[in-house]
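Numbering (our numbering), first residue to last: 20 to 694.
Don't be surprised by glycine CBs; every beta carbon is placed ideally from N, CA and C.
Keep in mind the model is a prediction, meaning the values are calculated, not measured.
As structure tokens, the structure follows; a few thoughts come after it.
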């Protein structure tokens with residue numbers, strides 16, 4: 020660190036002085052030399068871990084001596100001065116200002132990372148304050164980070180600075196990892212309730228825009244080994260900390276191509292899922308952003324003033340509860356947001372963002388439903404469900420709930436059957452050319468239910484799968500023969516299991532009545548509960564089938580054919596009072612077409628083409644008034660009370676998994692590893 024490189028960080032005079040007991044005044048020339056190093060932001064997790072491991076002794080000395088030296092507080096003061104110079108500069112692309120600000124924050128965030136993992140929040144705050152001058156330095160520091168993000172544009176020379184700011188904010192929020200309760204957290208109160216949250220719309224927009232833009236690492240960082248001119252003022256830190264290992268290792272290995280996008284998404288997810296007494300300005304801003312695609316952008320300073328004014332209106336409206344319509348917090352290009360979501364739709368963090376937007380932002384949901392290429396967003400979701408053995412349960416739930424939310428809209432339910440999917444090579448069970456998106460959707464959900472029955476046996480998953488199918492059922496159209504077969508096979512599989520459970524319960528009662536002690540009361544009760552659950556599922560499958568045929572029989576000849584072909588699977592359910600009313604409708608359909616087959620072409624009853632042609636011709640005259648009308652199947656996703664209990668641990672598990680940092684999770688109490 021400093022202009023002179025050392026082979027060992029422990030022998031570097033600048034590092035030794037910084038971590039020592041001597042108080043170094045902010046006016047001391049030391050700081051200019053200490054911050055004069057050339058180092059790329061560490062964009063590979065292993066690099067960060069190596070730096071932290073090799074510097075652990077220095078971190079320990081710094082924490083031990085900082086109560087005397089206050090050098091951490093002084094370094095933060097230096098950083099704040101650099102930020103002021105950069106923000107006030109006429110040319111914010113000046114390399115010198117950016118380089119100095121970046122280097123100061125680069126060191127601070129590594130110190131913060133060590134503190135968060137080893138100290139309490141109270142101890143951290145004591146180290147961050149400049150006890151000789153200011154008791155509000157932490158608040159000012161956090162404000163300066165937000166100010167950098169919203170005021171400094173993301174260009175090649177500021178890319179690494181923005182990345183450092185985002186990572187630093189994530190580290191500050193990580194005080195929650197070892198203490199799940201944030202109600203009393205000073206850092207969280209500063210971020211959520213401090214004066215800086217007036218910039219919430221700008222900050223949310225910046226983070227969302229960073230994700231949308233997916234800007235790659237600047238060439239100067241990729242080619243660091245070729246003496247970048249951007250940060251080529253001095254050299255030292257990288258070679259000091261890693262003992263010149265970059266000469267032996269390839270820094271391009273495992274390099275994240277768009278680290279600012281990925282880390283901005285992580286910070287955004289953290290901010291919008293924080294809950295302190297049910298108040299979250301960042302969440303409200305994301306929920307109320309709207310589309311500006313097709314319109315010209317205003318100049319930045321005009322846009323920022325408009326956004327801040329919108330936020331003030333939202334804030335006042337929240338206090339008075341007097342808003343009768345949604346106020347736009349900021350505008351963003353939905354077209355580009357849609358493209359970014361579908362391009363990385365297989366990632367769990369992206370799926371979570373998609374879920375939040377569809378669930379809480381009505382304008383975005385409307386945009387998605389009306390999008391001509393909605394298949395681009397749905398296919399990655401279906402691929403996730405299809406790959407259920409390889410995905411964590413949280414990702415599966417989020418993907419499924421996305422489909423449930425979309426299925427609440429009849430425009431979506433109709434549109435998916437008009438979109439033809441020419442190729443679905445990822446669906447390896449069978450080649451299905453020219454299937455509709457709606458048919459593929461039904462097929463994947465049915466497969467998910469069947470997998471859940473065999474492996475997971477999660478009632479919650481069953482419920483959401485069936486709810487999505489139920490919402491879509493009245494609009495099923497031109498279902499592929501294979502889809503029809505799999506749907507009826509689902510009922511057949513459930514029916515067989517139902518019969519086995521009934522036999523099991525009967526045997527248990529007989530043995531219990533005979534005085535045997537082998538069967539416990541609990542075991543008998545569990546079997547009865549399983550039967551009740553299965554009856555609900557069977558009933559729902561029949562209701563979905565009835566809903567489709569009652570509303571769309573003339574558009575589902577393949578389903579009618581499959582119903583006739585597999586009519587025997589319903590034999591045991593006609594007289595069961597739980598299913599009798601639904602079965603009456605299905606029997607009317609079965610009898611109507613069976614009678615036609617016997618009457619007109621009994622000799623060709625087993626010929627598919629002839630039977631199908633007859634069904635297609637006669638379905639035009641189908642007297643649907645014969646069927647008993649049932650209430651329309653409509654289910655709406657409702658988020659459970661205290662959703663933060665699920666989402667906060669989930670988001671942090673994603674941050675730890677996808678962060679550029681190597682987190683020590685041994686003492687983490689907030690979450691368990693994703694399973």
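Is residue 454 helix, strand or coil by DSSP? Looking up residue 454 in the chain shown gives position 435. Strand.
Drop a sphere of 10 angstroms on the beta-carbon of residue 562, count the other beta-carbons inside from all chains shown, and report buried for 16 or more, exposed for fewer. Position 543 of the chain shown, counted from the first residue, corresponds to residue 562. Buried is the call here.
Can you tell me whether DSSP reads residue 660 as helix, strand or coil? If you number the chain shown from 1, residue 660 lands on position 641. Here residue 660 sits in coil by DSSP.
Applying the 10 Å Cβ sphere with the 16-neighbour rule, what's the burial state of residue 478? On the chain shown, residue 478 is found 459 positions in, with the first residue counted as 1. That one is exposed.
Starting from residue 44, follow its DSSP beta bridges and name the residues at the other end. Taking the first residue of the chain shown as 1, we reach residue 44 at position 25. For residue 44, which the question treats as bridged, DSSP gives no partner whatsoever.
Starting from residue 350, follow its DSSP beta bridges and name the residues at the other end. For the purposes of this step, residue 350 is identified with residue 331 of the chain shown, where counting begins at 1. In DSSP, residue 350 forms a bridge with 309.
Alpha helix (DSSP H) segment containing residue 608, residue limits: Here the question's residue 608 lines up with position 589 in the chain shown. Unbroken alpha helix (DSSP H) run through residue 608: 599 to 619.
Determine the direct distance from the alpha carbon of residue 509 to that of residue 267, and round the result to whole angstroms. Position 248 of the chain shown, counted from the start, is the residue given in the question as residue 267. Position 490 of the chain shown, counted from the start, is the residue given in the question as residue 509. Reliability fails at residue 267, whose pLDDT of 38 lies under 50, so the model's placement of it is uncertain and the value that follows must be treated cautiously. So the alpha carbons of these two residues sit roughly 57 Å apart.
Residues in its own chain within less than 6 Å of residue 36 by CB, not counting five upstream and five downstream? Taking the first residue of the chain shown as position 1, residue 36 is located at position 17. Excluding positions up to five away in sequence, the list is empty.
Would you list the one or two residues that DSSP bridges to residue 695? Residue coverage of the chain in this structure runs from 20 to 694, which leaves residue 695 outside it and unanswerable.
Let me know the secondary structure DSSP gives residue 648 once reduced to three states. Start at 1 with the first residue of the chain shown, and residue 648 comes out as number 629. Three-state DSSP puts residue 648 in coil, outside helix and strand.
Roughly how many angstroms separate the alpha carbons of residue 488 and residue 614, rounded to a whole number? In the chain shown, counting from the first residue as 1, residue 488 sits at position 469. In the chain shown, counting from the first residue as 1, residue 614 sits at position 595. Approximately 30 Å between the Cα atoms of the pair.
Which whole-angstrom value is the C-beta distance of residue 604 and residue 647, which I expect to be below 8 Å? Here residue 604 refers to the residue found at position 585 when the chain shown is read from its first residue. Here residue 647 refers to the residue found at position 628 when the chain shown is read from its first residue. With a Cβ gap of about 6 Å, residue 604 and residue 647 count as contacting.
For the alpha helix (DSSP H) containing residue 223, list its first residue and its last residue. Taking the first residue of the chain shown as 1, we reach residue 223 at position 204. Counting along the chain, the alpha helix (DSSP H) containing residue 223 begins and ends at 219 to 232.
List the residues that DSSP assigns as beta-bridge partners of residue 402. Here residue 402 refers to the residue found at position 383 when the chain shown is read from its first residue. BP columns for residue 402 are empty, so no partner.
Cutoff 7 Å; reference residue 190; Cβ partners in own chain excluding five residues on either side: Looking up residue 190 in the chain shown gives position 171. Only 128, 131, 132, 135 meet the Cβ criterion.
Distance check for residue 57 and residue 366, CA to CA, integer angstroms please. For the purposes of this step, residue 366 is identified with residue 347 of the chain shown, where counting begins at 1. For the purposes of this step, residue 57 is identified with residue 38 of the chain shown, where counting begins at 1. Near 33 Å, if we compare the C-alpha coordinates of residue 57 and residue 366.
Could you compute how far the alpha carbon of residue 389 sits from the alpha carbon of residue 426? Here residue 389 is taken as the residue at index 370 of the chain shown, counted from 1. Here residue 426 is taken as the residue at index 407 of the chain shown, counted from 1. Going by C-alpha positions, residue 389 is about 13 Å away from residue 426.
Taking the alpha carbon of residue 119 as the point to measure from, which residue in 639, 100, 45 has its own alpha carbon closest? For the purposes of this step, residue 119 is taken as the residue at position 100 of the chain shown. Looking at the Cα atoms, 100 is the closest of the given residues.
So residue 124 and residue 204 are in contact, right, with Cβ under 8 Å, and what is the actual spacing, rounded? Your numbering for residue 124 matches position 105 in the chain shown. Your numbering for residue 204 matches position 185 in the chain shown. About 22 Å separates the two Cβ atoms, so there is no contact after all.
Tell me, to the nearest whole angstrom, how far the beta carbon of residue 657 is from that of residue 580; I am working on the premise that it is less than 8 Å. For the purposes of this step, residue 657 is taken as the residue at position 638 of the chain shown. For the purposes of this step, residue 580 is taken as the residue at position 561 of the chain shown. About 37 Å; that fails the 8 Å criterion.
With 16 other CB atoms within 10 Å as the buried threshold, where does residue 371 fall? In the chain shown, the residue the question calls residue 371 occupies position 352. By the 10 Å Cβ count, residue 371 comes out buried.
On a Cα-Cα basis, can you pick out the residue from 442, 137, 148 that is closest to residue 686? Within the chain shown, residue 686 is the residue found at index 667, counting from 1. Out of 442, 137, 148, 137 has the C-alpha closest to the C-alpha of residue 686.
Residue from 235, 98, 568, 670 whose Cα sits closest to the Cα of residue 642: Numbered from its first residue, the chain shown carries residue 642 at position 623. Of the candidates 235, 98, 568, 670, 568 places its Cα closest to the Cα of residue 642.
Between which two residues does the alpha helix (DSSP H) holding residue 370 run? Numbered from 1 along the chain shown, position 351 holds the residue referred to as residue 370. Element bounds for residue 370: 367 to 379.
Taking DSSP as the reference, what is the three-state secondary structure of residue 421? Taking the chain shown and counting its residues from 1, one reaches residue 421 at position 402. Note: residue 421 maps to helix in three-state DSSP.
Name the two residues that bound the continuous alpha helix (DSSP H) containing residue 590. The residue given as residue 590 occupies position 571 in the chain shown. It is not in any alpha helix (DSSP H) - residue 590 carries neither H nor E in the DSSP assignment.
Cβ atoms of residue 380 and residue 350: under 9 Å apart, would you say? Taking the chain shown and counting its residues from 1, the one referred to as residue 350 is at position 331. Taking the chain shown and counting its residues from 1, the one referred to as residue 380 is at position 361. Cβ distance not < 9 Å, so residue 350 and residue 380 don't count as in contact.
Look at the Cβ atom of residue 158, then the Cβ atom of residue 92, and state whether they are nearer than 9 Å. Along the chain shown, read from residue 1 onward, the residue named residue 158 stands at position 139. Along the chain shown, read from residue 1 onward, the residue named residue 92 stands at position 73. Contact: no.
Could you tell me how far apart the beta carbons of residue 401 and residue 498 are, in whole angstroms, since I believe they sit closer than 8 Å? For this step, residue 401 is matched to residue 382 along the chain shown. For this step, residue 498 is matched to residue 479 along the chain shown. With a Cβ gap of about 16 Å, residue 401 and residue 498 do not count as contacting.
Mind reading off the beta-carbon distance from residue 407 to residue 456? Whole number of angstroms is fine, and I expect it under 8 Å. Taking the chain shown and counting its residues from 1, one reaches residue 407 at position 388. Taking the chain shown and counting its residues from 1, one reaches residue 456 at position 437. At roughly 19 Å, the Cβ-Cβ gap does not stay under 8 Å, so residue 407 and residue 456 are not in contact.
Taking Cβ to Cβ, would you say residue 493 is nearer than 9 Å to residue 570? The residue given as residue 493 occupies position 474 in the chain shown. The residue given as residue 570 occupies position 551 in the chain shown. A contact, by the Cβ cut-off of 9 Å.
What are the boundary residues of the alpha helix (DSSP H) that residue 136 is part of? The sequence position of residue 136 within the chain shown is 117, counting from 1. Segment 114 to 137, the alpha helix (DSSP H) holding residue 136.
Just checking my contact of residue 289 with residue 674 at CB under 8 Å: how many whole Å lie between their CB atoms? Residue numbering aside, residue 289 sits at position 270 when the chain shown is read from its first letter. Residue numbering aside, residue 674 sits at position 655 when the chain shown is read from its first letter. So it is a contact: roughly 7 Å between Cβ atoms.
I'd like the list of long-range same chain contacts for residue 105, defined as Cβ closer than 6 Å, with 5 residues on each side in sequence excluded. Taking the first residue of the chain shown as position 1, residue 105 is located at position 86. Within the same chain, residue 105 has close Cβ partners 116, 120.
Work out the CA separation of residue 587 and residue 619 for me, nearest whole Å. Locating residue 619 in the chain shown gives position 600, counting from the first residue. Locating residue 587 in the chain shown gives position 568, counting from the first residue. The alpha-carbon of residue 619 is positioned some 22 Å away from that of residue 587.
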